[in-house]
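Student: Protein chains in written order, with the working numbering: chain W, 146 to 478; chain F, 2 to 515.
A virtual CB, placed ideally from N, CA and C, is assigned to each residue, including glycine.
Just so it is clear, the structure is predicted and the values come from calculations on it, not from any experiment.
Quick one: the structure is below, and I'll ask about it shortly.
Structure (C-alpha cells):
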C-alpha cells in the first residue's frame, strides 16, 4: 500500500461531527440568545463576567470530577470536602505561626492543596484498596467531612481573623489581572492543565481506558487501582484550588459551605458531555456545563417568570434532561 | 422450490427473502424450505447472512422483500412472540439467561406458572424444569443458579427454555460455537431426538463436520446470496468449505515451523490457581507452538491467567532458567510474556475507542515524547500494523467495536506484539472468526514461531490445535492429564484425555501391566 492510502482521512465532514461533544456549546449559545430576550442587562460584559466568575467553583471542581467520572468513578464528597478544607485552611491561617503575612498565606495555600489531595487519596484508597463502590464510599466521606466541619465550627462559622492576610488575600477572588477577574484565570488554568493531562498524557489515556473497560485496562497491564486513586487525588486537588478562591470571597466557612456542590459539579460534567458510565471525558464541556448552570441561575434572577428560589430544582432537572439528551446523542457502536 | 426432497409440502418456507439495513443488503433473494422430520443446515462464513435469515424466519426481523410460508399459507410475524405462537422457536447463539436466577426461573421467565393466579408456583416450575432438562440428557438440579453452571450446561438450559414453548420448528443459531466436542455431542443428540419426533430443525453452524453428521440437507450462503442447496450425503465437508469461501481451502493450516530443540524458555512447575487448576507443570521452548486442549471449564484459561499474573496463584515459574514471580500482568509483560484473552470484546479491546488508542494501550510508554503522547507515532504504528496483519479497517478513527471479529483478533494480536514479546499466549485465537481469516491467523502464529517466539495456544477446536501445534497438552478438571504429539495428535486421543477417560497415569499403569 502506498503512503497516501495509509494516511487516516482527516477531511472535514458534517456527518462526522460528534453531536455529544458539540451539544453543550450549542446549548450555551442558545441560552445566551435567550438571555437577551429576558433582560437587556443580560448581554453586558459586566454581567457575563460576573456569571463566569461565579461559575469558578463549579467549573474547577468539575474539572476534577471529569477525571473521576471518566475513569468510571463518582465523588459525592466534594461539597463537604470544600467546607472541611476551607475550615482547616482558615484555622491554620489564624494560628499565626509564621509572622510574615505573605509567607503565612503561601503556607496556607500549600495546606489547602495538600489537604485536598490527601482527602482525595483517602477516597481513592477506600474505593480501590477497600473495594467499596464509589457511590457508597464517597457518600460516607461526604457525611464524615461535613460532620467534622460542623464539629470544628461548633455549629457556627470559622472566620479569618488576621486582617493583614485578609487584605493580602482579598484580590485573589475580587481582583483582576489585565482586566480579567482572577477566578476566570483560575478556571482557564485549571482547565488547560486538566485538558493537557487528560488528552495528551499516557495517564489521561489510562483514565479513559479504565473508564471504558476496567477488564481491558487490567489485561493491558494498566495499574487500574493506581489510575483510579489518582483521579480522586486530582479531584481533591481541584477542591483545594476552589477553596483558594472560596476563602478570600467570604473570609469564613461554616457548616453549610459547599452544600450541594457535588450536585452542581456532577451536573456540569454531565451537561458537558462526559459519560457518567465512564470512558469519555470532556474538560471543556465541563467548563461549558458550569457556565450553563450559572447562566440559567442568572436568567432566572433577571427574569420575572420564575422565582430564583427554584434554582436548586431547576439545576436538579437539568442533570436529568442532560442525561436524556446525552443518551440520544451518544455515538452508537 | 415449493416441494422438498421427500416430495411432501414443506412445513416452513422462506421465499425470495431479502433484507437491507440502510443501503447495505445483507440478504438477497434467498429461498429455503424445511419439512417435518428434517434437519436442514445453513452454512456460510460470518457475514454470509445466516443469522439474518434465522432472525427473519423467527420473527425477530421483518424481511425487506419476500415472504414466509407456513403450511402453504403466507404469514407475517409481528415479532418473536408471534412466531412462537405459530410454533417456531429460536435458540440463540449467545447465552441470554439471567445469571443470578435459577435454572427453573430462567426456563419460565416471562411465562411463570402461578398459584391461584397470584403467587409463583415454584414447586411445579422446578418439577417441570427438571423434566425438561432431563429430556435433554442433562442432569442439572432446577434450583441451581445459572452463574454456577458451565457454558455447555447454560446452553442446554437455553435450549430447554426455547423448547419449552410448544413448537414444530426449532431454529438453532450456532448452538455449539463455544462448546467442546463432547458437549457438542449432547446438543446434537437433542437435535436427533427432535428430528425423530417429527419436528423440523434449521441448524446454523460453521462447523462442517457437525453439519455433515446431523443434517439431511444443507444450504450454503455466501455474501447474503443463496449458493446451493444439496442433500448432505452428496456434499463432502471440503466441498462445503469451498462453496462457503468461494475458493480452495485445503491449505487451511500453514507448514509447521521446525520443532525446536533448545532449552525451554518458560518452565512452570507445581502450579496452582486456587479453584481452577492444580499441580500443573509444563515447559515451552522458543519457536515452539504448544497447544492446550480440554473441555470448557477444564481450567486452561485460568491456568494461563495465573501464570501471567492475572489471577492469584502458587507455584514455580522459571523464565530462561531464572525463577520469576509475576504479581501482576505488568510483571510478566515486562519479561516479554503476553496473554491474548479469549474474551476479545470484554478483556481485549476497548470497543468504544478508536483503533490507534486500542493498538498502543498496552505499550503506551513507547509512544511518548517527554510527558506527551506522540499521536503521529501512534498513527504510524497503526498503519504499520494494518499492513503487517492485514487488518481491514475503513478508517483509522473507526471504533474497535465496528471491526469484524477477525479484524478485532488481528488488532489484538498487533497490540500485544508492540510489547515485543518472546512468549505469546493466545486463548481461542479463532473463535467466531470466518474461515478465510482463520487461515491468516494460523499463518501469523506459524510465522511468529518461525521467528523464535514461543507460542501457547488454548483452543476448544481440536482440529486447529492438531493443525498448528508441535505438541498438545490436555487438561481435565484443572489438571494436565496428558500430552500428545506427532502421530498421536488425533481428535480421538485428545478426547479420551479431555473427558477424563484416560490420564497419563493410567497409561503408565497399563504400560506397566503388559
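#1: Three-state secondary structure (DSSP) at residue 511 of chain F?
#2: I'd like to check one pair, residue 39 of chain F with residue 217 of chain F: are the Cβ atoms closer than 8 Å?
#3: Along the beta strand (DSSP E) that carries residue 220 of chain F, what are the first and last residues, could you check?
#4: Residues of chain W with CB closer than 7 Å to the CB of residue 334 of chain F, please, in chain order.
#5: Check the Cβ-Cβ distances between residue 363 of chain F and every residue of chain W, and say whether any is below 8 Å.
#6: Three-state secondary structure (DSSP) at residue 19 of chain F?
#7: Using a Cβ cut-off of 8 Å (strictly closer), state whether residue 393 of chain W contacts chain F.
#8: Can you name the start and end residues of the beta strand (DSSP E) that residue 230 of chain F belongs to?
#9: What residue from F/164, F/408, F/52 and F/437 has the CA that sits closest to residue 94 of chain F's CA?
#10: Any beta-carbon of chain F closer than 8 Å to the one on residue 336 of chain W?
#11: On a CA-only basis, which of W/456, W/367 and W/323 is nearest residue 408 of chain W? Give me that one, please.
#12: Do we get a CB-CB distance below 8 Å when we pair residue 349 of chain F with the residues of chain W?
#13: Strictly under 8 Å for the Cβ-Cβ distance: is residue 151 of chain W near chain F by that measure?
#14: Considering only the alpha carbon of each residue, which of W/427, W/450 and W/444 lies closest to residue 93 of chain W?
#15: I'd like to know whether the C-beta atoms of residue 351 of chain F and residue 357 of chain W end up nearer to each other than 8 Å.
#16: Which class does residue 156 of chain W belong to by DSSP, given the choice of helix, strand or coil?
#17: To be precise: take each residue of the stretch 311-343 of chain F, compare its Cβ to all Cβ atoms of chain W, and keep it if any distance is under 8 Å. Which residues remain?
#18: Name the one or two DSSP bridge partners that residue 195 of chain W has.
#19: Given residue 295 of chain F, which residues of its chain have a CB within under 7 Å of its CB, disregarding the five upstream and five downstream residues?
#20: Can you name the residues that DSSP bridges to residue 204 of chain F?
#21: In the stretch 353-424 of chain F, which residue ranges form an unbroken alpha helix (DSSP H) of at least 4 residues, counting only runs that do not cross its ends?
#22: Can you give me the Cβ contacts of residue 198 of chain F inside the same chain, cut-off strictly under 6 Å, excluding the 5 residues immediately before and after it?
#23: Could you spell out where the alpha helix (DSSP H) holding residue 308 of chain W opens and where it closes?
#24: Quick one: what's residue 74 of chain F bridged to in DSSP?
#25: Can you find a CB in chain F that lies within less than 8 Å of the CB of residue 424 of chain W?
#26: Quick check: is the beta carbon of residue 372 of chain F nearer than 8 Å to any beta carbon in chain W?
#27: Could you pull the start and end residues of the alpha helix (DSSP H) that residue 498 of chain F belongs to?
#28: Shorter than 8 Å from the beta carbon of residue 366 of chain F to some beta carbon of chain W?
#29: Tell me whether the stretch 250-265 of chain W and the stretch 404-423 of chain W touch, counting them as touching only if at least three CB pairs, one residue from each stretch, are closer than 8 Å.
#30: Residue 91 of chain F lies in the beta strand (DSSP E); which residues open and close that run?
#31: Once DSSP output is grouped into helix, strand and coil, what is the label at residue 184 of chain F?
#32: At 8 Å on the CB atoms, spell out the chain W contacts of residue 302 of chain F, in chain order.
#33: Can you list, in chain order, the stretches of the alpha helix (DSSP H) that have 4 or more residues and sit fully within the stretch 314-397 of chain W?
#34: Quick one, which residues of the stretch 388-402 of chain F are near chain W if we go by CB-CB under 8 Å, in chain order?
#35: Quick check: the Cα distance between residue 468 of chain F and residue 207 of chain F, rounded to an integer number of angstroms?
#36: Check whether the Cβ atoms of residue 368 of chain W and residue 331 of chain F sit closer than 8 Å, and answer yes or no.
Tutor: Looking at the coordinates:
#1: Below a pLDDT of 50, predicted positions are generally treated as unreliable, and residue 511 of chain F, at 42, falls in that range; no measurement from the model is reported.
#2: Contact: yes.
#3: It spans 218-223 - the beta strand (DSSP E) in which residue 220 of chain F sits, taken as one unbroken run.
#4: Correct list: 366.
#5: Cβ-Cβ to chain W under 8 Å: yes for residue 363 of chain F.
#6: In the structure shown, residue 19 of chain F falls within a strand segment according to DSSP collapsed to helix, strand and coil.
#7: It does not; no Cβ of chain F falls within 8 Å.
#8: Element bounds for residue 230 of chain F: 226-232.
#9: Checking every option, the nearest Cα to that of residue 94 of chain F belongs to F/52.
#10: It does not; no Cβ of chain F falls within 8 Å.
#11: When each option's Cα is compared against that of residue 408 of chain W, the closest is W/456.
#12: Yes - at least one Cβ of chain W is within 8 Å of the one on residue 349 of chain F.
#13: Low local confidence applies: a pLDDT of 39 at residue 151 of chain W is under 50, so the model's placement there is unreliable, and no value is given.
#14: The requested residue 93 of chain W does not occur in the structure, where chain W is confined to residues 146 to 478.
#15: Their beta carbons are under 8 Å apart, which means residue 351 of chain F touches residue 357 of chain W by this criterion.
#16: Residue confidence is low: residue 156 of chain W scores 47 on pLDDT, short of 50, so the model does not pin down where it sits. Its coordinate-derived value is still stated next. In the structure shown, the three-state DSSP call for residue 156 of chain W is coil.
#17: Residues 311, 329, 330, 331, 334, 340 and 342.
#18: For residue 195 of chain W, which the question treats as bridged, DSSP gives no partner whatsoever.
#19: Sequence-distant Cβ neighbours of residue 295 of chain F in its own chain, meaning closer than 7 Å and more than five residues away, are 301, 475, 476, 477 and 499.
#20: Beta-bridge analysis with DSSP links residue 204 of chain F to F/42 and F/173.
#21: Runs found: 356-361, 376-390 and 406-418.
#22: Result list for residue 198 of chain F: empty, nothing under 6 Å.
#23: Per DSSP, residue 308 of chain W belongs to the alpha helix (DSSP H) from 308-314.
#24: Answer is F/71, bridged to residue 74 of chain F.
#25: It does: the Cβ of residue 424 of chain W has a partner Cβ on chain F nearer than 8 Å.
#26: Flagged as an interface residue toward chain W: residue 372 of chain F, by a C-beta distance shorter than 8 Å.
#27: Membership of residue 498 of chain F in the alpha helix (DSSP H) is indicated by the continuous run 492-499.
#28: Yes - at least one Cβ of chain W is within 8 Å of the one on residue 366 of chain F.
#29: With a cut-off of 8 Å, the stretch 404-423 of chain W and the stretch 250-265 of chain W do not count as touching, because too few Cβ pairs lie within range.
#30: DSSP places residue 91 of chain F in the uninterrupted beta strand (DSSP E) bounded by 89-92.
#31: Looking at residue 184 of chain F - three-state DSSP - the assignment turns out to be helix.
#32: Going along chain W, no residue has its Cβ under 8 Å from residue 302 of chain F, so there is no contact; the nearest lies around 12 Å.
#33: Counting only runs of 4 or more residues that sit fully inside the stretch 314-397 of chain W, the alpha helix (DSSP H) segments are 316-319, 327-345, 347-357, 359-364 and 369-395, in chain order.
#34: Within the stretch 388-402 of chain F, the residues whose Cβ lies closer than 8 Å to some Cβ of chain W are 388, 396, 397, 398, 400 and 402, listed in chain order.
#35: Each residue's Cα considered, the two are about 17 Å apart.
#36: Yes.
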